[in-house]
Each structure stands twice: as C-alpha cells, then as structure tokens.
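Worksheet for the structure shown next.
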Amino acid sequence: MQLALAPMQDVTDLAFMRTLARIGSLPDVFLTAYFRSTPTTCALAEQNLRCLTENETGVPVIAQLAGSDAEALVRDARYLQTLPGAGINLNAGCPSPLVNRHGAGAGLLRELDRFRGVACALREAVPDGQYSIKTRLGWAEKEEFDRVLEVIAAARPDSVMVHARTRKELYGGHPHAEAWAQAVRRLSCPVWLNGDIITAAQARAALVQSGAAGVMIGRGAVRNPYIFRELHGGHPATEEDLRRYYGILIEETGRIFGERRTDKGHCNRMKKYLAFCYPDFTAEQEYHLRRCTDVGEMGRLLEL
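Using the numbering used here, the first residue of the sequence shown is number -11, and each one after it goes up by one.
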C-alpha cells in the first residue's frame, strides 16, 4: 500500500508537511498544490515552490501543474524538473470555476482531444517513472469515464490518481467507488484512489475492493493527520495526539511567516486547516475559533 497526501491549495503546504514529519505520520509521497501554467507565464507561487526547495521531511515531493496549453505545460514541467522534486503531476481534477473557465483542471475533461494533446506532450517531456495524472471521472456524467481512461491510457503515465466524482458533483454526495476498480482494470499503470477517505478502515477496504496500488488522502488527513501512521501499522490518534498536532501546526505556520508574522495573519492561516477540523469541536469552540485573531487565545481554545 502506497500513501500520498492530496494537494489542497493553501492547506497541504510546507507547514503541514513539516508538521506531519514532527508528529511521525508521513505518507510515501507529497504533491504540491498546482502551479498554474499559461502561454504567457507560470504562476510559481512561493508557498508551492517552498514545498520543493525547503522540504526537510525526507519524503519525495511531486510538483503538480494545471493548464490547458501543451507548450506552456511542457515549458514549466522542464523548469520544475530543475528543482528538487520527484516528478510532475498533471491536474485534470480541480473543480474550481476560475481554473475550469480557462480549460484547466477538470476543464480538460470537457475537451478530451485537448486533454489527450496535453497529457501526451507531458509524457514526452517527463522521464519514465516521474509522470502522473490526477483526474476526475468526467465533466458531467460518470459514464464519461470510459473515454477519459482511453485518453489516459494513450498518454502512458507512470501512475494515475482517481477522484471518483465528476466535476459537476464537486465534493457532494459519495464517490463512485466502482470507478476505482474500473481504472485498475483498464490501465496498465498503478492506480491511486482519492475522495472522502476519512479513516484507515475506509482506506483499507477501498484498496481491497478496488485492487488499487495506493490511496491519496487530503481533507481526511488535515482532520486526522495520524491516519498515515495508522495505515503504516501504528496506533490510532488519541486526544493528546490531536492536541500535539494543533500545537505543532501553530509553530510551523508561524515558522512559514517568519518576520512577516502577525497574530491576525497567523490565525487566519490556521483557520484554513481548522475548517476541516471543526466537526471535532463543540459549537462554542468553533464559534470562537472562527473569530479568533490572537494566537495565544487560539491555543487556549484548542486546549494546548
């Protein structure tokens, strides 16, 4: 079983990676949040670059690219390969309207000929063993997945991560678990499953049922970062473990800010992670955490 941390913009960043290392719960690979490629520029976001250049965890990091122009994606893939990193991932799954409006992310699934051109061009630009694709099932209907898989097979990636929803479904409802097994049967490369994996038991069951090689976890790992430790044979998280997690995450987010840190900015950064953890707090805790602008007070609310 292989484990990956799913890319989440402004959440699965260097601070979170470092936190996972400090609590002893690491996946086998990280993916950066996407670098946005266009014909005129690549949005080389500082936070994403730092995941590559300041990674101290010992876990390899794959750079993810989002775009719809083959030449631009190849250009940026070649540049990113000059930095420390373990490969290139093509984002064909992001459901953001802003990204999709320009044909990128899941927007590629509306134009499969373009998707094929982009995916095949990157295959030629990225060395064997270092190219992967993250996809959804289609734009509007899960029945589109057959044609999506044809495109992916033609691109010959080294692995594929499947979020088992369409773009239209966003994050609602339940993933179509049967699609994971469908991808395993159709593709010759390893398939990683993704979507609503919250517990270690869910991950193990989905892997057995699908025959997938690995699992990619995002929101579930932010809420319970010890899921990687548990899947690697460790014990489940205790309340003390979670308090330790919050405390270390406060330290590591502060370290990211450095001299630019302000209490309000620091709290706002923490709220990006805590948004996935609020179900574990009382209504009163959530109310005050959402409005908190003082890091010391936030620590008290988190019972540190």
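Glycine included, every Cβ here is placed at the ideal spot set by N, Cα and C. Here the structure is a predicted model, which is why all the values come from computation and not from measurement.
Identity of the residue in the options nearest residue i by Cα
i: D1; options: C280, E272, L237 and G253; result: L237
i: L14; options: N43, D(-2) and T26; result: N43
i: L40; options: T70, G12, T28 and I11; result: T70
i: A21; options: H162, A169 and E34; result: E34
i: A65; options: G46, S25 and K259; result: S25
i: G161; options: R38, D251, D184 and V114; result: D184
i: T270; options: R207, L(-9) and E291; result: E291
i: G199; options: C177, F103 and I205; result: C177
Cβ-Cβ distance between residue i and residue j below 8 angstroms
i: L219; j: M(-11); result: yes
i: G75; j: S84; result: no
i: A225; j: Y214; result: yes
i: D282; j: C255; result: yes
i: R54; j: N79; result: It is Ala, not Arg, that sits at residue 54 in the sequence shown. Their beta carbons are under 8 angstroms apart, which means A54 touches N79 by this criterion.
i: V150; j: A165; result: no
i: F23; j: L32; result: yes
i: K130; j: N77; result: no
i: L(-9); j: F216; result: yes
i: T87; j: G81; result: This sequence places Val at residue 87; Thr is not what is there. In this structure, G81 does not lie closer than 8 angstroms to V87 by Cβ.
i: T241; j: A3; result: yes
Beta carbon proximity, residue i to chain B, threshold 8 angstroms
i: S13; result: Here chain B cannot be found, since the structure has a single protein chain.
Cross-strand partners of residue i (DSSP beta bridge)
i: A51; result: I76
i: G5; result: One point to set straight first is that residue 5 is Met, not Gly, in the sequence displayed. For M5, which the question treats as bridged, DSSP gives no partner whatsoever.
i: F43; result: Note that residue 43 is Asn in the sequence shown here, rather than Phe. Beta-bridge pairing links N43 to no other residue.
i: F30; result: Here residue 30 is Cys; the residue named in the question, Phe, does not match the sequence. DSSP, once it has assigned bridges, lists S25 as partnering C30.
i: I205; result: L(-7)
i: L332; result: This structure does not reach residue 332, given that the chain is present from -11 up to 292, and the question cannot be answered.
i: V179; result: V148
Whole-number beta carbon distance between residue j and residue i, since they are thought to touch under 8 angstroms
i: L230; j: R174; result: The pair is not a contact, with the Cβ atoms about 39 angstroms apart (cut-off 8 angstroms).
i: R211; j: D146; result: Not confirmed; about 30 angstroms, so no contact.
i: S120; j: V139; result: With 8 angstroms as the limit, S120 and V139 do not qualify as a contact, their Cβ atoms being about 14 angstroms apart.
i: G246; j: M(-4); result: Rounded, the Cβ-Cβ distance is 22 angstroms, inconsistent with contact.
Please specify which runs of the alpha helix (DSSP H), each continuous and at least 4 residues long, are wholly inside the region 109 to 165, giving them in chain order. 133 to 143
Could you pull out every unbroken alpha helix (DSSP H) segment of at least 4 residues lying fully inside the region 216 to 262, listed in chain order? With a minimum length of 4 residues, the continuous alpha helix (DSSP H) runs that stay inside the region 216 to 262 are 227 to 245 and 251 to 262.
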